[in-house]
Amino acid sequence: MSNHLNSERLFSLDEANKLFKIKYEKLSENVYNSANVLLGRVKKSYDFVGEKIQITIPSSFSGGVGSGSLPKANTALYQRAELQAKKMYAVVEIDRETIKAALKDEGSFVRATKEVVKKGVESFMRNMSRTLFNDGSGKLGTAASGDVADSSVATSGVKLQITDMKEANFEERDLVDFGTAQAVEILEVLPETGEIILKATNTESTPNSGVFDVPGLATSGDIYMQGSQDNDPQGLKGVIKSEAELAADGVTDLYTVPVGRRWSAGHSENAQSAAISTDMLNKVMLNIKKKCGKSPNLIVCSFKQYEKILNLLEDQKRYSVATRAGLKSKSGADISFSGVEFMSIDGPIGIFPERFVEDDRIYLLNDSHIHIKHRPDFGWFDDDGTVFLRKPSADAYEARYGGYLQTYINPCFHGVIHNLSV
């Protein structure tokens, strides 16, 4: 009996960990490079070490030119941008019994964990896309005062009106807060009315009395992804603004470089509720080219503006945009996207819809001047020799995905059109 047991192939958690990494590391990387068009095309590196990264930025030509007589020499003006990493995570829970029940067969183990792993990585990529098109604040929207008059939600939650509703920012089961340590679950998203329902607590001793409270909410306030207030990586909405717009927002520097003529958006166009037009696109594109010497090579807009552009461009064409050369995913997979093209003075560029862009906004971008810098070992956490970490007070394990990164966006090479009619 003893010999028989010793000869039997015993499948331990260590073996499950190996399978987990083998089966899901490449899949996770593919998802990271295809979550949205811009995320798939921007530069990525995984060698961010040290406390911070410093990037030297030339902000003038070298002086000392002239005619008629030998001019005096003068050095160019340089600025130094500093990047500090931000922490970004996704955590998934895997039932211990499920792992044990599937260990005898590799295929059954993979099938048992596939869905929870897939959803965890997709959620991380969704949050990564959110930060890429946000302003680094972690803000999802602003809530007006709670309404408990609706009897359909009075026993379970509080309905809040979101004054600047972006549907993609809110998902059922997300945990959000109001800049406090208390996280609250989103029960329902109502995009048609611009409302969400948050899980609430009855504040009176009489059940269903109609008096309910959302932790952290007074009468109104900004809503953040849990723990994310001022903890997001930098995003397009916070960087691609004119010098005047940044000053109006109280922003004096980007990446520690003072805002100025050579350190602000290539162009920011306030459409003042006008409809998008080819004249407007050409204006922004030419002003970016004038400022930095390069035309945008990518246009990303909301679905509402994409619909208007489709109606505007009668000679629309289809084409594929491959992953940036030399920056394929770690697994070797090549990601491509299809879209409509717009003719710039430097040739055709792609136009793509993105759900995290506000309805009234269109970005004109140079993807070679957006760089996501990761610290080493980005992906599934396995520093303890296993991806599976025992969850306290539960018969389950959790797996953690993510790492530490910062998004570097040189503002001069990009432009935006905002306040368009919707």
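Here the sequence shown stands for residues 15 to 436, where the numbers follow my numbering. Cβ atoms here follow ideal geometry from the backbone N, Cα and C, with glycine treated the same way. All figures in this text were calculated on a predicted structure; none of them were measured in a lab.
Would you grab the beta carbon distance between residue i and residue j for me? Rounded to a whole angstrom, and I think it's under 8 Å.
i: Y418; j: V135; result: About 17 Å; that fails the 8 Å criterion.
i: F184; j: D236; result: The pair is not a contact, with the Cβ atoms about 13 Å apart (cut-off 8 Å).
i: K40; j: H388; result: Contact flag wrong, Cβ pair sits at about 17 Å.
i: I302; j: P310; result: 6 Å
i: G155; j: M139; result: No, G155 and M139 are not in contact; Cβ-Cβ is about 21 Å, not under 8 Å.
i: D381; j: L312; result: 5 Å
i: V401; j: N31; result: 5 Å
i: S143; j: L53; result: 6 Å
i: A87; j: G80; result: Wrong, their Cβ atoms sit about 11 Å apart, outside the cutoff.
i: S137; j: W394; result: With a Cβ gap of about 14 Å, S137 and W394 do not count as contacting.
i: N50; j: E368; result: 6 Å
Taking the straight line between their C-alpha atoms, what separation do you get for residue i and residue j?
i: A279; j: D263; result: 14 Å
i: H18; j: D396; result: With a pLDDT of 40 at H18, under the threshold of 50, the modelled position of this residue cannot be trusted, and the question is left open.
i: P406; j: I108; result: 13 Å
i: E209; j: F366; result: 27 Å
i: V424; j: V190; result: Rather than Val, the amino acid found at residue 424 in this sequence is Asn. Rounded to whole angstroms, N424 to V190 spans 30 Å at the Cα level.
i: S334; j: S234; result: Residue confidence for S334 is low, a pLDDT of 48 falling below 50, so the modelled location carries little weight and cannot support an answer.
i: L326; j: T292; result: 8 Å
i: R276; j: Q319; result: 29 Å
i: A195; j: G152; result: 14 Å
i: V228; j: E372; result: 27 Å
i: A182; j: A197; result: 19 Å
i: R125; j: D267; result: 49 Å
i: I363; j: H385; result: 20 Å
i: V56; j: L250; result: 13 Å
i: A163; j: I200; result: In this predicted model, A163 has a pLDDT of only 46, less than 50, meaning its place in the structure is not dependable enough to derive any value.
i: Q286; j: I254; result: 18 Å
i: R110; j: M294; result: 57 Å
i: I211; j: V203; result: 7 Å
i: Y269; j: C426; result: 13 Å
i: F34; j: A413; result: 10 Å
i: I349; j: G399; result: With a pLDDT of 44 at I349, under the threshold of 50, the modelled position of this residue cannot be trusted, and the question is left open.
i: Q175; j: E259; result: 27 Å
i: L403; j: A410; result: 9 Å
i: H281; j: G274; result: 13 Å
i: G429; j: C306; result: 11 Å
i: Q420; j: V265; result: 19 Å
i: Q68; j: A158; result: 41 Å
i: Y38; j: E129; result: 11 Å
i: K342; j: F370; result: Residue placement at K342 cannot be trusted, given a pLDDT of 47 that sits under 50; the coordinates are not used to answer.
i: E96; j: G82; result: 42 Å
i: K304; j: V298; result: 10 Å
Nearest CA to the CA of residue i: which residue from the options?
i: N284; options: I431, T156 and F62; result: I431
i: V271; options: N311, G78, R94 and E259; result: R94
i: F317; options: N47, N296, V354 and N301; result: V354
i: T70; options: N50, G393 and L91; result: L91
i: Y46; options: T215, I67 and F392; result: F392
i: A289; options: L434, T215 and Y238; result: L434
i: V436; options: G230, C315 and H428; result: C315
i: R62; options: F427, C426 and Y422; result: Residue identity check: residue 62 is Phe in the sequence provided, not Arg. Looking at the Cα atoms, Y422 is the closest of the given residues.
i: G241; options: Q68, N141, Q175 and E321; result: N141
i: M459; options: V401, N296, P390 and V273; result: As shown, the chain starts at 15 and ends at 436. That puts residue 459 outside it, with no answer to give.
i: T215; options: E186, G171 and L53; result: G171
i: E65; options: Q98, H383 and E129; result: Q98
i: D360; options: K308, R187, R369 and P390; result: K308
i: T177; options: A261, E186, K213 and T207; result: T207
Going by DSSP, which residues form a beta bridge with residue i?
i: P72; result: Y92
i: D191; result: Y238
i: G361; result: S358
i: T421; result: I386
i: F366; result: V314
i: H281; result: G429
i: M102; result: G417
i: S59; result: K387
i: E202; result: I211
i: P247; result: Partner(s): none; P247 has no beta bridge.
i: I108; result: Y411
i: R404; result: Y411
i: I67; result: L97
Does any residue of chain D bring its CB to less than 8 Å from the CB of residue i?
i: K304; result: The structure shown contains no chain D, having only a single protein chain.
task: Please determine if the region 367 to 384 and the region 146 to 153 are in contact, where contact requires at least 3 C-beta pairs separated by less than 8 Å.
output: yes
- prompt: Within the chosen definition, does the region 97 to 112 reach the region 235 to 250 through at least 3 CB pairs nearer than 8 Å?
  reply: yes
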